[in-house]
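Engineer: Have a look at the structure that comes next, please.
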Amino acid sequence: MCSIVCGSNSNTKASHTSTTMIVTPAAAAAATTTAASWLWLIQLIPIISAAPREDAAPQVKVSVYYESLCPDSRNFFVDQLYPVWVDLSYIIDLQLTSYGKTRELSGDGEQYEFRCQHGPRECASNVMLTCANHYITDHYLQVDFAHCVMRDFQGTKSGKLCANETGVEFGPIKQCMKSSEGTQLQHQAGLLQATLSPPLDYVPWITIDDVFTRHQLHEALRNLREVVCDAYQGTKPSFCNLELV
Numbered sequence: 006m007c008s009i010v011c012g013s014n015s016n017t018k019a020s021h022t023s024t025t026m027i028v029t030p031a032a033a034a035a036a037t038t039t040a041a042s043w044l045w046l047i048q049l050i051p052i053i054s055a056a057p058r059e060d061a062a063p064q065v066k067v068s069v070y071y072e073s074l075c076p077d078s079r080n081f082f083v084d085q086l087y088p089v090w091v092d093l094s095y096i097i098d099l100q101l102t103s104y105g106k107t108r109e110l111s112g113d114g115e116q117y118e119f120r121c122q123h124g125p126r127e128c129a130s131n132v133m134l135t136c137a138n139h140y141i142t143d144h145y146l147q148v149d150f151a152h153c154v155m156r157d158f159q160g161t162k163s164g165k166l167c168a169n170e171t172g173v174e175f176g177p178i179k180q181c182m183k184s185s186e187g188t189q190l191q192h193q194a195g196l197l198q199a200t201l202s203p204p205l206d207y208v209p210w211i212t213i214d215d216v217f218t219r220h221q222l223h224e225a226l227r228n229l230r231e232v233v234c235d236a237y238q239g240t241k242p243s244f245c246n247l248e249l250v
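Residue numbers are given in the numbering used here: position 100 of the sequence shown equals residue 105, and the series is strictly consecutive.
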């Protein structure tokens with residue numbers, strides 16, 4: 006407690022006159038009621054804060070089927086997907102599948118062999134990204150890692166560098182991609198993609214809330230932000246109003 010009274014004159018003698026305050030029963034009761042009211046409001050604050058917003062709506066499910074060395078996939082990741090994700094991730098349920106026009110040549114339930122549109126390097130990089138999805142448990146870091154790999158466009162050469170950049174452990178991903186586990190996970194990715202209707206014939210292939218239309222694909226490639234915001238049923242976030250540069 007400060008010992009100096011602001012605005013006082015050090016040469017002025019302090020008054021020693023005592024003052025007696027009389028509190029009536031009515032005033033005491035009123036004070037008790039007021040204190041109880043404030044206590045009730047303070048206890049209510051966490052409940053109000055935790056309550057869901059009235060305009061809360063389901064996230065928009067955006068599913069992207071892509072190839073790690075496909076120029077069109079890279080352009081979409083860098084120019085559309087990642088900027089929109091950074092701004093609107095809280096209204097997006099993003100699912101990434103690095104498979105595309107991969108062909109499964111053989112498999113025995115343990116080991117599978119694939120042929121990819123852009124060669125063996127792409128197959129290896131696709132598997133790396135699939136393993137990353139499996140071993141990176143933080144969804145935001147999954148997307149950061151995939152974006153880094155797609156941005157650098159060097160396939161598996163970017164794995165360790167992108168792991169360092171995004172702060173994820175590369176060891177389990179590397180072990181996965183070099184073992185039968187990686188090809189098994191990639192086989193599962195192929196089975197997931199095989200459920201698409203209509204089947205994929207372009208990369209990247211984009212569905213919104215599990216629905217595909219050709220018009221929607223073209224619009225998502227051009228302005229994903231607009232597509233996501235149009236699909237969102239809640240109050241539109243301010244980031245929906247940004248214009249394309």
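A virtual CB, placed ideally from N, CA and C, is assigned to each residue, including glycine.
ASP84 to GLU224, Cα distance in whole Å?
Structural biologist: Roughly 13 Å separates the two Cα atoms.
Engineer: Quick one: what's GLY112 bridged to in DSSP?
Structural biologist: Looking at the DSSP assignment, GLY112 forms a beta bridge with TYR117.
Engineer: Does ASN169 pass the burial test, meaning 16 or more other C-beta atoms within 10 Å, or should it be called exposed?
Structural biologist: With fewer than 16 Cβ atoms within 10 Å of its Cβ, ASN169 is classed as exposed.
Engineer: So within the region 171-205, which uninterrupted alpha helix (DSSP H) runs reach at least 4 residues, ignoring any that extend past its ends?
Structural biologist: Listed in chain order, the complete alpha helix (DSSP H) runs (minimum 4 residues) inside the region 171-205 are 176-182 and 185-198.
Engineer: Quick one: residues in its chain with C-beta nearer than 6 Å to the C-beta of ILE211, no 5 flanking neighbours on either side, listed in chain order?
Structural biologist: Taken in chain order, the residues that qualify are VAL69, LEU222 and ALA225.
Engineer: Rounded to the nearest angstrom, what separates SER243 and ARG230 at their Cα positions?
Structural biologist: Each residue's Cα considered, the two are about 12 Å apart.
Engineer: Sort ILE178, ASP113, SER111 and GLY114 by Cα distance to ASN138 and report the nearest one.
Structural biologist: Among ILE178, ASP113, SER111 and GLY114, the Cα nearest to that of ASN138 is on ILE178.
Engineer: Just how far apart, CA to CA, sit VAL232 and LEU74?
Structural biologist: The straight-line gap from Cα to Cα measures roughly 25 Å.
Engineer: Got a sec? Which residues, its chain only, sit under 6 Å from SER111 by beta carbon, not counting five neighbours each side?
Structural biologist: Same-chain partners within the cutoff: GLU118.
Engineer: Under 8 Å between the Cβ atoms of CYS153 and CYS167?
Structural biologist: Yes.
Engineer: Flag this pair as yes or no: are the beta carbons of GLN198 and THR102 separated by less than 8 Å?
Structural biologist: Yes, the pair counts as a contact, with Cβ atoms nearer than the cut-off.
Engineer: What's the gap between the Cα of TYR140 and the Cα of GLN238?
Structural biologist: Going by the C-alpha atoms only, they are around 32 Å apart.
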